[in-house]
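Notes follow once the structure below has been shown.
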């Protein structure tokens, strides 16, 4: 994991605090060990859904060896991309309306806008614990946001429990410095839009960054009184939404590798076709860069697709100039691709105007296999407890990313969300990535679960909260100057 030792090269946001007696380990507290609501259905889907969770029995013990973990990392599914079609608004559920919860959040946030920049000490907001908050409300009620793709719409697809929404990320130490208030504990959507006024925020990467993009759309859309003032811009590559009241744009553009794919338009919906397409390690993805080059904040990610199944195992797929490598290791290819990306950023992005952000790896949680070999996560109903030691995933790739970021001249904010996401095995769509109608569809869902993406509302809302907090402390432009309430 890229942590504070890398701060001399690129910035992991830190905040002033006075040390308190909080634990150094990441924990979850107040865990409810009850299972999901029982159902009278006898379908295989329901039987598995209501079976006791393996993790539940393990979490009752005080210690557990990390060597006993059954989590399996996996490639993304071949049909990993999600549709861009607008979804109709789903039923509101048992959560209170967005107006009251939004007002409460806004009032709380206004109290925190007096914070200053000259605080002493450090507080790493990416180290902390998931704390149960049964009274808390998500930023937007499940089923209320029209932008949530079916893949992420667990409530609309029939997920019966809301326990995974009852957890809030709490970093280890909050500011108690007399000169400063606490770090904002929520994402103040109105303040975010005001700071983005006249500007552009773009998420660039794979469907995990789209997951994060849709989360931000919903958070911001919820506080807009006249919803007709938020609309899609169709004359652009990618998916861009206009917030007319603030003259700003929030967009997503697909670029899983960040460098040029020879058949980019058809690539998202299938696996690689040997001999007909290559990945140009020496060229930036121009279609994507044309969308983000003039943005005020750009959030990148790129790691999930650097796998054998997505690149023909490196055989006759990676290209540099006119040369196609007969065989190139994934590590070397990833390094070359990130080198091309960082050099393009340093040359073409005005760091005085644009803030570059790179989001860390989002951990999948397959148990008993991979996405295409029967791996599952539908029995996970609680976060993983901290006594299951966090083990860094893909350390070689993380080191390559670390090296690339530290060599950049352009300041980069690194959203180190890997560890906090690791503990949330309960928050994936699992079998609720589709609206299942028939027994056959339910059986198919059991065998091909989605333990990679995240339900919305859900964990990506926390990623965006930490993006907001990070931009307030170390961002450029309007995000780099915190407003003081008089």
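Residue numbers (this note's numbering): 0 to 485. For glycine and all other residues, C-beta sits at the position ideal for the given N, C-alpha and C. Quantities reported herein were computed from a predicted structural model and do not represent experimental measurements.
Distance between residue j and residue i (C-alpha atoms, nearest Å)
| i | j | result |
| --- | --- | --- |
| residue 424 | residue 475 | 34 Å |
| residue 276 | residue 145 | 35 Å |
| residue 440 | residue 332 | 38 Å |
| residue 433 | residue 418 | 28 Å |
| residue 47 | residue 391 | Unreliable placement is indicated for residue 47, whose pLDDT of 32 sits below 50; the coordinate value is still reported in the next sentence. Going from the Cα of residue 47 to the Cα of residue 391 covers about 30 Å. |
| residue 404 | residue 245 | 32 Å |
| residue 162 | residue 279 | 44 Å |
| residue 385 | residue 241 | 41 Å |
| residue 112 | residue 337 | Bear in mind that a pLDDT of 45 at residue 112, under 50, signals an unreliable position, so the model cannot answer this. |
| residue 472 | residue 478 | 8 Å |
| residue 343 | residue 307 | 26 Å |
| residue 252 | residue 411 | 19 Å |
| residue 207 | residue 322 | 31 Å |
| residue 239 | residue 247 | 10 Å |
| residue 345 | residue 408 | 6 Å |
| residue 261 | residue 327 | 18 Å |
| residue 329 | residue 374 | 24 Å |
| residue 216 | residue 209 | 10 Å |
| residue 339 | residue 289 | 16 Å |
| residue 294 | residue 363 | 30 Å |
| residue 211 | residue 462 | 7 Å |
| residue 370 | residue 448 | 6 Å |
| residue 319 | residue 325 | 12 Å |
| residue 243 | residue 285 | 27 Å |
| residue 466 | residue 127 | 16 Å |
| residue 160 | residue 427 | 12 Å |
| residue 394 | residue 388 | 16 Å |
| residue 350 | residue 435 | 47 Å |
Which of helix, strand or coil DSSP assigns to residue i
| i | result |
| --- | --- |
| residue 131 | strand |
| residue 340 | helix |
| residue 448 | coil |
| residue 399 | helix |
| residue 331 | helix |
| residue 280 | strand |
| residue 259 | strand |
| residue 405 | helix |
| residue 319 | strand |
| residue 472 | helix |
| residue 251 | strand |
| residue 435 | coil |
| residue 149 | helix |
| residue 326 | strand |
| residue 299 | strand |
| residue 365 | strand |
| residue 123 | strand |
| residue 143 | coil |
| residue 304 | coil |
| residue 165 | coil |
| residue 412 | strand |
| residue 441 | helix |
| residue 462 | helix |
| residue 350 | coil |
| residue 424 | helix |
| residue 430 | coil |
| residue 390 | coil |
Cβ separation of residue i and residue j, assumed to be a contact under 8 Å, to the nearest whole Å
| i | j | result |
| --- | --- | --- |
| residue 188 | residue 222 | 4 Å |
| residue 356 | residue 297 | 7 Å |
| residue 124 | residue 468 | 6 Å |
| residue 205 | residue 304 | 6 Å |
| residue 501 | residue 300 | Lying outside 0 to 485, the shown extent of the chain, residue 501 is not represented and no answer is given. |
| residue 232 | residue 464 | That belief does not hold up - the Cβ atoms of residue 232 and residue 464 are roughly 26 Å apart, past 8 Å. |
| residue 168 | residue 220 | Not confirmed; about 22 Å, so no contact. |
| residue 431 | residue 157 | 6 Å |
| residue 402 | residue 137 | That belief does not hold up - the Cβ atoms of residue 402 and residue 137 are roughly 37 Å apart, past 8 Å. |
| residue 203 | residue 291 | 5 Å |
Residue i CB to nearest heavy atom of the ligand FAD below 6 Å
| i | result |
| --- | --- |
| residue 393 | Questions concerning the ligand FAD fall outside what the structure shown contains, since it holds no ligand whatsoever. |
Minimum Cβ-Cβ distance from residue i to chain D less than 7 Å
| i | result |
| --- | --- |
| residue 189 | You won't find chain D in this structure, because it holds only one protein chain. |
Can you give, in chain order, each stretch of the beta strand (DSSP E) that sits fully within the segment 185 to 248 and has at least 3 residues? Counting only runs that start and end inside the segment 185 to 248, the beta strand (DSSP E) elements of at least 3 residues fall at 199 to 204, 229 to 232 and 238 to 242.
Would the segment 454 to 463 count as touching the segment 151 to 169 if we require 3 or more Cβ pairs under 8 Å? yes
Quick check: the segment 197 to 209 against the segment 155 to 173, are at least 3 beta-carbon pairs closer than 8 Å? Judged by Cβ distances under 8 Å, the segment 155 to 173 makes no contact with the segment 197 to 209, as fewer than three pairs qualify.
Any contact of the segment 309 to 325 with the segment 379 to 391, i.e. 3+ C-beta pairs under 8 Å? no
Counting Cβ pairs, one atom from each stretch, are 3 or more of them under 8 Å apart for the segment 393 to 407 and the segment 131 to 141? no
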